[in-house]
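Colleague: Numbering (UniProt numbering), first residue to last: 1 to 390.
Beta carbons are placed, not taken as given, at the ideal position from N, Cα and C, and that holds for glycine.
Attaching a single structure in structure tokens format; questions to follow.
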Amino acid sequence: MTEENDKYGKELDLAVRIVHMACSLCQKVQKSLLSPASRQVLAKDDDSPVTVADWSVQATVSWLLSEFLEGQSVSIVAEEDVQTLSKSDAASLLAAVVNTVNECLAEAPKYGLQQPKKALETSQILEAISRCNSTGGPTGRHWVLDPVDGTLGFVRGDQYAVALALIEDGKLVLGVLGCPNYPMKKEFLNYNHRHDQTMPMTPSSSDIWQKGCVMYARRGSGRTWMQPLIHGDTKFEWPNSATLVQASPVDDPSLATFCEPVEKANSNHLFTAGLANSIGLKNQPMRIHSMVKYAAIARGDAEVFIKFARSGYQEKIWDHAAGVVIVEEAGGVVTDAGGRPLDFSRGLNTGVLYGNLMMFLRQSIPKRAYSEKDADVLPGSLTIDSRRVC
């Protein structure tokens, strides 16, 4: 259903359509990246990968927000800048970004949005990327974008997400999470969604097989919705078969499934495993790239997201903003180690996750498994609880 009569209805409607467009862009780029001849993956200064999709999504989202929220001062906090694209040896890379952005924007009418009157020039696209230089803060409206969250998963043909959220006066007010490789149906979770795979050949596959979804929620609505991605020549028409999703009602740790990051570089798997065992989590962890973990919790595919970061790892607000409101409106709980809500008012390098996040089902945790002093051991850690709230 639409939220047009509610506060932030216009913004939510626009954000959902934009994320659908961004997911389509990413799917096309991912397919090209998986070809043997691809040379579209670069390393940033911190050795993390960045692709044509990262810059292209950021430029596309920036242009669309500025165009359709005309009259508003659009502040965007996002991950990428134009330094690499502006180098003299990056001409072919920049040309690929320009082409990708214009191809995406040309499809805007398919999503109910107006396309540019003419193709954007290189300078306009660089300007759109550069506009996303806000650092957020406790006052005003700030859009928060992660153009491709989980780039390692993206370049491997695995899970990744496009995440867009809106913060007003330091509070999350809406979030949209696009998961192009996450299936609409839980029974397909173990299916490998790589480009060279074929769909399961069952009589009902055309009815139930839907690859990719977009989840969205508005603060205070008590509802999280999920839409399928559109494919081929299909036009986006609201509500696009939207269905409500809810966090899992499971409250027995022995029956719960927990998520954790795939990469060991930014998560302490050993510590997580020890703590999970201490509180009675018996199932093997579901290791997923990116904010898709939030989608898994919101939809009830898993019950807990555990992340104990390694020392020195710095969380950014774009890594969590969209996912937090989606999980919470689906009935989940997201807190820090002291049971406090996450603080998104402190800007980019936030301390939004200061100290370890308290494990799920806090009242059920044996005291020997966790103590407040643990909060000083592994700063920057995260846990999400699917515990339903009424």
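Helix or strand or just coil, what does DSSP make of Gly170?
Modeller: coil
Colleague: Counting only runs of 4+ residues fully inside the stretch 74-124, write out the alpha helix (DSSP H) ranges in chain order.
Modeller: 91-105
Colleague: Taking only three categories from DSSP, how would you classify Lys28?
Modeller: helix
Colleague: Need the endpoints of the alpha helix (DSSP H) that Tyr294 sits in, please.
Modeller: That run of the alpha helix (DSSP H) goes Val292 to Ala298.
Colleague: With DSSP as the reference, identify every bridge partner of Thr243, one or two as the case may be.
Modeller: Met226
Colleague: Helix, strand or coil, according to DSSP, for Gly274 in the structure here?
Modeller: helix
Colleague: If we ignore side chains and look at the alpha-carbon of each, how far apart do His20 and Glu107 end up?
Modeller: 11 Å
Colleague: How is Met358 classed by DSSP in three states: helix, strand or coil?
Modeller: With a pLDDT of only 33 at Met358, under 50, the local geometry of the prediction cannot be trusted, and the value read off the model is given with reservation. If DSSP states are grouped into helix, strand and coil, Met358 belongs with coil.
Colleague: Across which residues does DSSP place Tyr216 in a beta bridge pair?
Modeller: Val176 and Trp225
Colleague: Using a 10 Å radius around the Cβ and a threshold of 16 neighbouring Cβ atoms, would you call Pro203 buried or exposed?
Modeller: Confidence at Pro203 is low in this model, with a pLDDT of 36, below 50, so its placement is unreliable and the value that follows should be read with caution. Of the residues assessed, Pro203 falls on the exposed side of the cut-off, its CB having fewer than 16 other CB atoms within 10 angstroms.
Colleague: Does the distance from the CB of Gly170 to the CB of Ala161 come in under 8 Å?
Modeller: no
Colleague: What separation, rounded to the nearest whole angstrom, lies between the Cα atoms of Ala217 and Gln30?
Modeller: 27 Å
Colleague: Among all the DSSP beta bridges, which residues are the ones paired with Glu260?
Modeller: Arg287
Colleague: Under a three-way DSSP split, which group does residue 392 fall into?
Modeller: What the structure shows of the chain is the stretch from 1 to 390, and residue 392 is not part of that stretch, so it cannot be assessed.
Colleague: Quick check on this structure: which residue in Arg223, Val57 and Lys185 has the alpha carbon closest to the alpha carbon of Cys213?
Modeller: Lys185
Colleague: Would you check if the distance between the CB atom of Phe68 and the CB atom of Leu14 is smaller than 8 Å?
Modeller: A contact, by the Cβ cut-off of 8 Å.
Colleague: Does the separation of the CB atoms of Cys66 and Cys132 fall below 8 Å?
Modeller: Per the sequence shown, the amino acid found at residue 66 is Ser instead of Cys. Not a contact, by the Cβ cut-off of 8 Å.
Colleague: With burial defined as no fewer than 16 other Cβ atoms inside 10 Å of the residue's Cβ, what is the status of Ser88: buried or exposed?
Modeller: exposed
Colleague: Using only the alpha-carbon positions, how far apart do Leu211 and Thr234 sit?
Modeller: A small fix is needed here, since residue 211 is Lys in this sequence, not Leu. Across the structure, Lys211 and Thr234 are spaced so that their CA atoms are roughly 14 Å apart.
Colleague: Per DSSP, what kind of secondary structure is Cys64 in: helix, strand or coil?
Modeller: Reading the sequence as shown, one finds Leu at residue 64 and not Cys. DSSP places Leu64 in helix when its eight states are reduced to three.
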